[in-house]
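S.K.:
Residue numbers (the numbering used here): 10 to 342.
#1: What does DSSP give as the partner residue(s) for residue 254 in the beta ladder?
#2: So for residue 6, helix, strand or coil by DSSP?
#3: Beta-carbon separation of residue 297 and residue 281 under 8 angstroms?
#4: Look at the Cβ atom of residue 213, then the Cβ atom of residue 221, and state whether they are nearer than 8 angstroms.
#5: Contact defined as beta carbons within less than 8 angstroms: I believe residue 327 pairs with residue 75. What is the distance between those atoms, to the nearest angstrom?
#6: Residue 163: which of 119, 132, 133, 175 sits nearest, CA to CA?
#7: Taking just the CA atoms, how far does residue 138 sit from residue 304?
#8: Would residue 325 be called buried (16 or more neighbouring beta carbons within 10 Å of its own) or exposed?
#9: Which value, in whole angstroms, describes the spacing of the CA atoms of residue 146 and residue 250?
#10: Would you mind listing the beta strand (DSSP E) stretches within the stretch 49 to 107 that are 3+ residues and don't spill past its ends, in chain order?
#11: Take residue 306 and list the residues in its own chain whose beta-carbon comes closer than 6 angstroms to its own, dropping the five residues that flank it on each side.
#12: Just verifying my parser: in three-state terms, what is the DSSP assignment at residue 279?
#13: Take residue 33 as the anchor and find which of 56, 63, 45, 42 has the nearest alpha-carbon.
#14: Compute the distance between the beta-carbons of residue 320 and residue 121, then report whether it is under 8 angstroms.
#15: What does a CB cutoff of less than 6 angstroms around residue 256 pick up in its chain, not counting 5 residues either side in sequence?
#16: On the CB-based measure, 16 or more other CB atoms within 10 Å of its CB, does residue 116 come out buried or exposed?
#17: With respect to the beta strand (DSSP E) encompassing residue 185, which residues constitute its N-terminal and C-terminal limits?
#18: Closest to residue 148 by CA distance: which of 197, 66, 127, 168 is it?
#19: Reducing DSSP to helix, strand and coil, say where residue 112 ends up.
#20: Give the range of the beta strand (DSSP E) segment to which residue 272 is assigned.
#21: Would you decide whether residue 205 is buried or exposed? Buried here means 16 or more other CB atoms lie within 10 Å of its CB.
#22: What's the call for residue 109, buried or exposed, on a 16-neighbour Cβ count within 10 Å?
#23: Can you list, in chain order, the residues of its chain with a C-beta nearer than 6 angstroms to that of residue 25? Leave out the 5 residues immediately preceding and following it.
#24: Determine the burial state of residue 286: buried for a count of at least 16 other Cβ atoms within 10 Å of its Cβ, exposed for fewer.
#25: Report back the beta-carbon spacing between residue 91 and residue 112 to the nearest angstrom; my notes put them in contact at under 8 angstroms.
#26: Assuming residue 170 and residue 200 form a contact by the criterion Cβ under 8 angstroms, report the distance between their Cβ atoms to the nearest whole angstrom.
#27: Can you give the Cα-Cα distance for residue 43 and residue 161, rounded to whole angstroms?
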């Protein structure tokens with residue numbers, strides 16, 4: 010009997026220890042680049058200016074991506090095989106909340122007005138809307154595999170590009186309904202919303218022997234195809250800064266730079282099977298999936314200035330900083 014009691018006490022102590030266990034914390038003062046790594050289920054944090062590794066979270070969970078809340082301190086992590094999403098406080102390293110969404114979450118985007126977060130659910134074939142406290146506030150049915158999420162500056166319109174159905178959906182966020190659709194290529198993935206130019210750039214992956222080599226540029230007003238831009242192979246991630254427009258083609262390991270008017274100015278071979286790219290502070294950050302690195306590129310010269318080691322399989326990048334707090338120019342994957 011004493012042995013049983015001792016085992017119960019030991020088990021309770023173990024549970025208490027697990028519940029109180031925290032991940033490495035990140036100072037509020039450090040602007041950070043966050044890499045979500047899918048091969049080993051980890052998250053790597055870098056000092057954006059020094060390039061040093063601040064911390065690594067070895068979650069050992071099948072996470073596929075994340076989203077930063079407007080406070081810059083809450084990191085939401087998700088994966089299509091997870092039955093919930095996890096909200097962590099990066100300053101304390103503690104798990105704040107779990108949202109029981111069910112499996113199927115493939116993408117996430119925080120609204121520019123900071124009032125809600127959109128989750129793309131591949132199993133429900135819908136965009137699900139959540140308040141920042143985790144309470145679900147609506148669901149909008151779209152396509153068969155909503156994957157790419159983009160929004161306008163005010164957060165009133167959401168653009169959803171379906172990977173399979175050759176359609177893009179324009180959603181009125183306040184009315185919670187689809188207000189328009191237009192055709193895009195099959196296996197379309199990645200995009201860039203250029204409100205000033207009234208353009209939507211759509212990338213693509215392709216399938217099998219059919220590889221996407223073009224960026225499709227559509228009119229935001231009419232949904233009509235305006236032009237095609239060469240970007241072989243598999244243009245999947247985009248960033249626009251004061252220096253120009255940048256596109257990452259992960260099939261050819263290539264970053265291309267265009268002027269604001271759409272004229273190609275330069276290109277650079279970078280990484281090994283790079284999946285995503287983000288920009289800040291005059292730099293581009295490219296996630297090299299096969300070499301487990303971040304390539305840091307000067308936007309103006311398009312030269313590699315540094316390489317930072319990540320966990321295994323960097324798949325999505327986020328920036329926690331003063332000017333880009335919780336926002337991305339490229340797609341959330």
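Built from N, CA and C at the ideal position, the CB exists for glycine as well.
M.R.: Judging by the given coordinates:
#1: Beta-bridge partners assigned by DSSP to residue 254: 249, 267.
#2: The structure shown has nothing for residue 6, since the chain only spans 10 to 342.
#3: Note that the C-beta distance between residue 297 and residue 281 is below 8 angstroms.
#4: Residue 213 places its beta carbon less than 8 angstroms from that of residue 221.
#5: Distance from residue 327 to residue 75 at the Cβ level is roughly 6 angstroms; contact confirmed, criterion being Cβ atoms closer than 8 angstroms.
#6: Among 119, 132, 133, 175, the Cα nearest to that of residue 163 belongs to 119.
#7: Approximately 34 angstroms, taken between the alpha carbons.
#8: Residue 325 counts as buried, since at least 16 other C-beta atoms from the protein chains shown sit within 10 angstroms of its C-beta.
#9: If you take the alpha carbons of residue 146 and residue 250, they lie about 33 angstroms apart.
#10: Here the runs fully enclosed are 51 to 56, 62 to 67, 74 to 77, 83 to 87, 94 to 98.
#11: Cβ neighbours of residue 306 beyond the five flanking positions: 293, 313.
#12: Under the three-state reduction of DSSP, residue 279 is assigned to coil, being neither helix nor strand.
#13: Selected option, being the one with the closest Cα: 63.
#14: No. Outside cutoff.
#15: Setting aside the 5 residues that flank it on each side, residue 256 is surrounded in the same chain by 240, 244, 247, 265, each with a C-beta closer than 6 angstroms to its C-beta; the list follows chain order.
#16: That one is buried.
#17: Here residue 185 belongs to no beta strand (DSSP E), and DSSP marks it neither H nor E.
#18: Nearest option by C-alpha distance: 127.
#19: Look at residue 112 here: in three-state DSSP terms it is coil, with no helix or strand label.
#20: For residue 272, there is no enclosing beta strand (DSSP E), as DSSP gives it neither H nor E.
#21: By the Cβ neighbour-count rule, residue 205 is exposed, with fewer than 16 other Cβ atoms within 10 Å of its own.
#22: Taking every protein chain shown into account, the CB of residue 109 has fewer than 16 other CB atoms within 10 angstroms, so this residue is exposed.
#23: Low per-residue confidence applies at residue 25: pLDDT is 38, beneath 50, and the placement is therefore not dependable enough to give any value.
#24: Under this definition residue 286 is a buried residue.
#25: About 7 angstroms; that satisfies the 8 angstroms criterion.
#26: For residue 170 against residue 200, the beta-carbon gap comes to about 6 angstroms, under 8 angstroms, which counts as contact.
#27: The alpha-carbon atoms of residue 43 and residue 161 are separated by roughly 24 angstroms.
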